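Participant: Residue numbers (the numbering used here), protein chains in the order written: chain A, 1 to 415; chain B, 416 to 830. Where is the CB? At the ideal position from N, CA and C, for every residue including glycine. The structure displayed is predicted, hence computed values, not measured ones. Take this structure, written in C-alpha cells, and hold onto it; I'll ask about it next.
There are 2 protein chains.
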Amino acid sequence: MTAREPTVDSARALAALRELRELTGNEHGAQRVAFTETWAAAREWLVGRLDEIDGVSIARDPAGNLWATAPGSGPRTVVIGGHIDSVPDGGWLDGALGTLAGLEVLRALAPEPRQLGVTLVDWADEEGARFGRSLFGSSAAAGTLDPEAVRALTDRDGTTLEQALHDQGLELDRAAEARDRLRDVAAYLELHIEQGPVLEAAGLPLAVVLGTFGVQRHVVRFTGAHAHAGATPMDRRHDAFLAAARSALAFRDDALARDDVRATTGSVRVAPGIVTAFNGTCQITLDQRALHAAVLAEMLDAARAASERIAAEEGCEVAWERVWEIEPIPFDAELIELADEVIRGLAGESRRLPSGPLHDAAEMARRLPTVMLFVKSLGGVSHTAAEDTPPQDIELAVRALHKLARRVLAWAQDR
Amino acid sequence: MTAREPTVDSARALAALRELRELTGNEHGAQRVAFTETWAAAREWLVGRLDEIDGVSIARDPAGNLWATAPGSGPRTVVIGGHIDSVPDGGWLDGALGTLAGLEVLRALAPEPRQLGVTLVDWADEEGARFGRSLFGSSAAAGTLDPEAVRALTDRDGTTLEQALHDQGLELDRAAEARDRLRDVAAYLELHIEQGPVLEAAGLPLAVVLGTFGVQRHVVRFTGAHAHAGATPMDRRHDAFLAAARSALAFRDDALARDDVRATTGSVRVAPGIVTAFNGTCQITLDQRALHAAVLAEMLDAARAASERIAAEEGCEVAWERVWEIEPIPFDAELIELADEVIRGLAGESRRLPSGPLHDAAEMARRLPTVMLFVKSLGGVSHTAAEDTPPQDIELAVRALHKLARRVLAWAQDR
Chain A
1 MTAREPTVDS ARALAALREL RELTGNEHGA QRVAFTETWA AAREWLVGRL
51 DEIDGVSIAR DPAGNLWATA PGSGPRTVVI GGHIDSVPDG GWLDGALGTL
101 AGLEVLRALA PEPRQLGVTL VDWADEEGAR FGRSLFGSSA AAGTLDPEAV
151 RALTDRDGTT LEQALHDQGL ELDRAAEARD RLRDVAAYLE LHIEQGPVLE
201 AAGLPLAVVL GTFGVQRHVV RFTGAHAHAG ATPMDRRHDA FLAAARSALA
251 FRDDALARDD VRATTGSVRV APGIVTAFNG TCQITLDQRA LHAAVLAEML
301 DAARAASERI AAEEGCEVAW ERVWEIEPIP FDAELIELAD EVIRGLAGES
351 RRLPSGPLHD AAEMARRLPT VMLFVKSLGG VSHTAAEDTP PQDIELAVRA
401 LHKLARRVLA WAQDR
Chain B
416 MTAREPTVDS ARALAALREL RELTGNEHGA QRVAFTETWA AAREWLVGRL
466 DEIDGVSIAR DPAGNLWATA PGSGPRTVVI GGHIDSVPDG GWLDGALGTL
516 AGLEVLRALA PEPRQLGVTL VDWADEEGAR FGRSLFGSSA AAGTLDPEAV
566 RALTDRDGTT LEQALHDQGL ELDRAAEARD RLRDVAAYLE LHIEQGPVLE
616 AAGLPLAVVL GTFGVQRHVV RFTGAHAHAG ATPMDRRHDA FLAAARSALA
666 FRDDALARDD VRATTGSVRV APGIVTAFNG TCQITLDQRA LHAAVLAEML
716 DAARAASERI AAEEGCEVAW ERVWEIEPIP FDAELIELAD EVIRGLAGES
766 RRLPSGPLHD AAEMARRLPT VMLFVKSLGG VSHTAAEDTP PQDIELAVRA
816 LHKLARRVLA WAQDR
C-alpha cells in the first residue's frame, strides 16, 4: 500500500469565498468593515463553518480576534491567520482568502494526530477603515497597541472606537489580554493576495514574502517667491513648483537605481496655484519604502541632499517634516526557505517579494517566526470591487498553504 | 533772452499720488476697484483736480472713461492714458501713476498754443478685478468689446456687470459709442510701473515698451494610472504627476533658451493626491508669452512635442485644451525711437522691454500709433500694498512723459 499524499479541499475554499461574497458584498464590493453588523454577520457565518470541524475549540479574545484550534498532543501550536474584515467597497479576496484558506487547511489537518496543534486566527480590524488604525487585533496580540493612542478615535458619525468595541461586547482596556494567545505559538503563516502587479507580469501564480517594507514619510515644503507670469523674466524666478518637480524626479531616479524599493510623491499643493503666476510655495509628500533599514536611511539622506541642492539652484528654500515612520519587518529566514521549496514544488518557479502594504504578519513577525505567501492579483488592483485572482490560482494557493503548514509543523516539532 | 526749457511740476504729481493713496487706500493697499463707491470717490477727486486747469473740457463717455482735453487749433489730439481703478488691496502706483502724471502733463501743456490738442483719458476698469474682464473701457473705445460676452458676468455677490454699470449711470449697450472718442486721435502715450524686476536689476529708472506679449494659455492633462505607493514597483508605474513635472521643466528650459519670452506652469492639480498612492492624473496650466507671433507658435509646438514624448516615455496620455489666447501687439516703431531718445536724454541710458502684463495701451495700439514708458518697480512686485517706486524715479518718469508728449505733438504735427 502506497502512502497517499495528504490533500486539502481547495475547491471548497473557493466556494466558501464566493458564498461570503454573496452574503456580505454588493455591486460596489465587499462591505465587511470591522465592528459593523455586516462584519458580525460574516463572523457568525465563519463560526458556523468552524463548528463543522470535529475537535476544534473556538474562542474570541478580548481584542475581538477569533481563534479556532485543533489541538496537538503538546501545548505548542502553529497559527494560520487572515482577516475577514474589508474596506468599504472592498475586494472579495483581501483578507478573506487568508481566513478561508486557513479554514480548509485546519479542516484537513484537524483529524491527523500531531504533537503541535494547528490554529486559525481571524484578526479583528486589519484594515482600520472605520477609525484609521489598521492592524488593531494583531497589534493587541503582539503587545504594540497603546489603548490611550486609539481611545478617542472616531468614525465619520462621531462614534468612538471604544464605543464600537463596546457595542461588540469588547472592552478596549482588556484588549491587551490578547497577548496571552501567543504563548506556545511556534510559528505564524499567512496567505494573502499580492495587491500589486509583479506576479501577473512575471506569469507566476505564487511568491514567498520577504517581509514588510520600512517606511519613511515626509512633507517636503519648497519656498520661493511667486510673481506674475508675464512680468518676471525666466532667469529671475524663484519657482517653488519647479524646484519640487525636479526633486520629485530625483527621488524617483534614486529609487529606480536600487533593488525593490519605492519612492512616491503623492500629494502636491502649490500656492498661489493660478494660471497667471508661477508658484511661491509647493508642498509635496514623499513616501519611501525599503526592506532594509540601512537602505531606507540611505534613500532618505540622498533625497534630502538632492532637494537641498535643487532648492539652492532654483533660489528656493526647502524644509522637511517627518509625518510617519516604521522600521522594516523581515520574515523568518528558515520559513522563507520552506515556503520557497513548497512554491517551487507546486508551481515550478518561485519568486521572493517584499510586501508594500502592511499585514497582520508584520505584527506577528515582531514576536514569532513568521512567513507569508502571495498569490497573483489581476491588474495589480485591490481595495476595489475589481480586485480578482483566477480561480485556479486561488486553489493552487490553498494547496500551497496546506503544504507549507505541514512543512512548518514538522520544522517546529524538531526545534 | 534765452528760451526757457518748458517744465512739468513732477513734485505735484508725486504729492497727488500720495493724497489719492490717503483718500482711497488703507493698511491693506489701494481699494479703488472699478464701479465701486471708492472708485467713484477717486474719480470725483480727479475731476476736481482737472477743473483747476483753465480751458480744459471734461466729459465721460458711455463706457465710463473720463476724458479731459486742452484743445489745439485743429481737430486732432494726442492722448495720454492711465487708470485710477485698482485691484482690491492693490498698489498705489499701478494705473494711478499714468493718470496723475498725465494730469500734470496736461496742466503744463494746456496754456501753450498748439495745432494739436492734448487729452488725458482715465480708463474705466482696466483691472477687471470685480468681474474678471480686464481692459473694459479701452476695449470699448477700440471696438473690441462684445457686450454679449460680458453681459452676464457677475461679481462674488451675484451683481451683474450690466447692473454695476447701471448703478454708475452707464448702459452696457451704449458702451461701444466710446469709439467716437478715437476719431482725430494722432497718437496714444501711457506711463506705467514695470511690475517686474528688470529695471531694478539693471540699475535703470526708465524703459521704453516694445509692445505687449502674445499669450497662449492651455490646460495640459496627463493621464496614467494611480496605485498603492508600496505595492507597485518603480519600473511598473504610470505616474501622471512625474510626466507633468518633466513636461513643466521642458517648457521652462525651452523658454530659457529664447530671448525675452515666458513659460509658466501656475496651476497644478493631482488625483488622487494622497500620501500613499502615486497619481493617475495631473492637470497643469501652461501660460506662454512672446512678443512675436512666430516665436509664440514655435514655443507652443515645442511644448506639445515635449509633452507627447515625455507622456509616452512615462506610459501616460496627454491632452491639450486652449483656454485663452491673444496675439502679440507691437507698439509704434517711430514712437519707440522717440521714447528711447527722451529716456537717454533724461537718464543717460535706456532699455527696451516687452510688457508681460496687458495694458490699455494694447487696445489703443490696435487703432493708433502707441507707445508706453515703464518706470522701475522695487522688488518687481505689484497688485499688493508692497508695490513701490523711489520718489525721485516717479518724478523723473513724469518729466519723461512730459518730454515725450512734446516730442510726439511735434511728430504728429508733421504727419
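Comparing alpha-carbon positions, which option in A:398, A:383 and A:406 lies nearest residue 85 of chain A?
Facilitator: A:383
Participant: Should residue 416 of chain A go down as buried or exposed, given a rule of 16 or more other Cβ atoms within 10 Å for buried?
Facilitator: Summary: the structure shown does not reach residue 416 of chain A, with chain A confined to residues 1 through 415, and so no result is reported for it.
Participant: Going along chain B in order, which residues have a C-beta closer than 8 Å to the C-beta of residue 233 of chain A?
Facilitator: 611, 612, 613, 675 and 677
Participant: Taking the CB atoms as reference points, tell me whether residue 502 of chain B and residue 542 of chain B lie closer together than 7 Å.
Facilitator: yes
Participant: With the cut-off set at 7 Å, would you say residue 536 of chain B and residue 496 of chain B are in Cβ contact?
Facilitator: yes
Participant: Would the stretch 67 to 82 of chain A count as touching the stretch 25 to 34 of chain A if we require 3 or more Cβ pairs under 8 Å?
Facilitator: no
Participant: Taking Cβ positions only, does residue 373 of chain A come closer than 7 Å to chain B?
Facilitator: no
Participant: Name the chain B residues whose beta carbon is nearer than 7 Å to that of residue 138 of chain A?
Facilitator: Those do not exist, as residue 138 of chain A stays about 18 Å from chain B at its closest Cβ, beyond 7 Å.
Participant: Can at least three beta-carbon pairs, one atom from the stretch 261 to 281 of chain A and one from the stretch 209 to 226 of chain A, be found at a separation below 8 Å?
Facilitator: yes
Participant: Does the beta carbon of residue 397 of chain A sit closer than 7 Å to a beta carbon anywhere in chain B?
Facilitator: no
Participant: Give me the chain B residues within the contact set of residue 256 of chain A, using Cβ-Cβ distance strictly less than 7 Å, ordered along the chain.
Facilitator: 649 and 650
Participant: For the alpha helix (DSSP H) that contains residue 691 of chain B, what are its first and last residues?
Facilitator: No alpha helix (DSSP H) contains residue 691 of chain B, which DSSP labels as neither H nor E.
Participant: Would you verify that the beta carbon of residue 664 of chain B is, or is not, closer than 7 Å to some beta carbon of chain A?
Facilitator: yes
Participant: Less than 7 Å between CB atoms is the rule here; does residue 289 of chain A satisfy it with respect to chain B?
Facilitator: yes
Participant: Whose C-alpha, out of B:439, B:818, B:792 and B:758, is nearest the C-alpha of residue 616 of chain B?
Facilitator: B:792
Participant: Just to confirm the assignment: which complete beta strand (DSSP E) runs, minimum length 3, are found wholly within the stretch 725 to 809 of chain B?
Facilitator: With a minimum length of 3 residues, the continuous beta strand (DSSP E) runs that stay inside the stretch 725 to 809 of chain B are 732 to 741, 767 to 770 and 785 to 790.
Participant: When you check each C-beta in the stretch 33 to 50 of chain A against every C-beta of chain B, which residues fall closer than 8 Å?
Facilitator: none
Participant: Given a cut-off of 7 Å on the beta-carbon distance, is the pair residue 205 of chain A and residue 393 of chain A in contact?
Facilitator: yes
Participant: For residue 501 of chain B, does the three-state DSSP call read helix, strand or coil?
Facilitator: Here residue 501 of chain B carries a coil assignment [DSSP, helix/strand/coil].
Participant: Closest Cβ-Cβ distance between residue 597 of chain B and chain A: below 7 Å?
Facilitator: For residue 597 of chain B, no CB of chain A lies under 7 Å from its own CB, so it is not counted at the interface with that chain.
Participant: Check whether chain B comes within 7 Å of residue 193 of chain A, counting only Cβ atoms and requiring the distance to be less than that.
Facilitator: no
Participant: Since residue 771 of chain B contacts residue 704 of chain B with CB under 8 Å, what's their CB separation in whole angstroms?
Facilitator: 6 Å
Participant: Could you check the C-alpha separation between residue 377 of chain B and residue 712 of chain B for me, to the nearest Å?
Facilitator: Because chain B here runs from 416 to 830, residue 377 of chain B falls outside it and cannot be looked at.
Participant: Do you know whose CA, among A:207, A:365 and A:112, lies nearest residue 397 of chain A's CA?
Facilitator: A:207
Participant: So with Cβ pairs under 7 Å, would you call residue 746 of chain B a contact of chain A?
Facilitator: no
Participant: Following the continuous alpha helix (DSSP H) through residue 39 of chain A, name the residue where it begins and the one where it ends.
Facilitator: 37 to 51
Participant: Report yes if the CB atom of residue 142 of chain A is closer than 7 Å to the CB atom of residue 408 of chain A, and no otherwise.
Facilitator: no
Participant: Can you list, in chain order, the residues of its chain with a C-beta nearer than 7 Å to that of residue 292 of chain A? Leave out the 5 residues immediately preceding and following it.
Facilitator: Closer than 7 Å at Cβ, skipping near neighbours: 328.
Participant: Contact defined as beta carbons within less than 8 Å: I believe residue 614 of chain B pairs with residue 745 of chain B. What is the distance between those atoms, to the nearest angstrom?
Facilitator: The pair is not a contact, with the Cβ atoms about 20 Å apart (cut-off 8 Å).
Participant: Taking residue 5 of chain A as the reference, give the member of A:109, A:146, A:96 and A:251 with the closest Cα.
Facilitator: A:109
Participant: Count Cβ pairs between the stretch 297 to 315 of chain A and the stretch 232 to 245 of chain A that sit closer than 8 Å; are there 3 or more?
Facilitator: Judged by Cβ distances under 8 Å, the stretch 297 to 315 of chain A makes contact with the stretch 232 to 245 of chain A, as three or more pairs qualify.
Participant: Report the three-state DSSP secondary structure of residue 236 of chain A (helix, strand or coil).
Facilitator: helix
Participant: Could you check if residue 324 of chain A is buried or exposed, using at least 16 other CB atoms within 10 Å of its CB as the buried criterion?
Facilitator: exposed
Participant: Closer than 6 Å to a non-hydrogen atom of the ligand SAH - does that hold for the CB of residue 172 of chain A?
Facilitator: This structure does not include the ligand SAH; it has no bound ligands of any sort.
Participant: Counting along the chain, where does the beta strand (DSSP E) carrying residue 533 of chain B start and finish?
Facilitator: Under the DSSP assignment, residue 533 of chain B falls in the beta strand (DSSP E) whose first and last residues are 532 to 537.
Participant: So with Cβ pairs under 7 Å, would you call residue 682 of chain B a contact of chain A?
Facilitator: Taking Cβ atoms only, chain A reaches closer than 7 Å to residue 682 of chain B, which makes this a yes.
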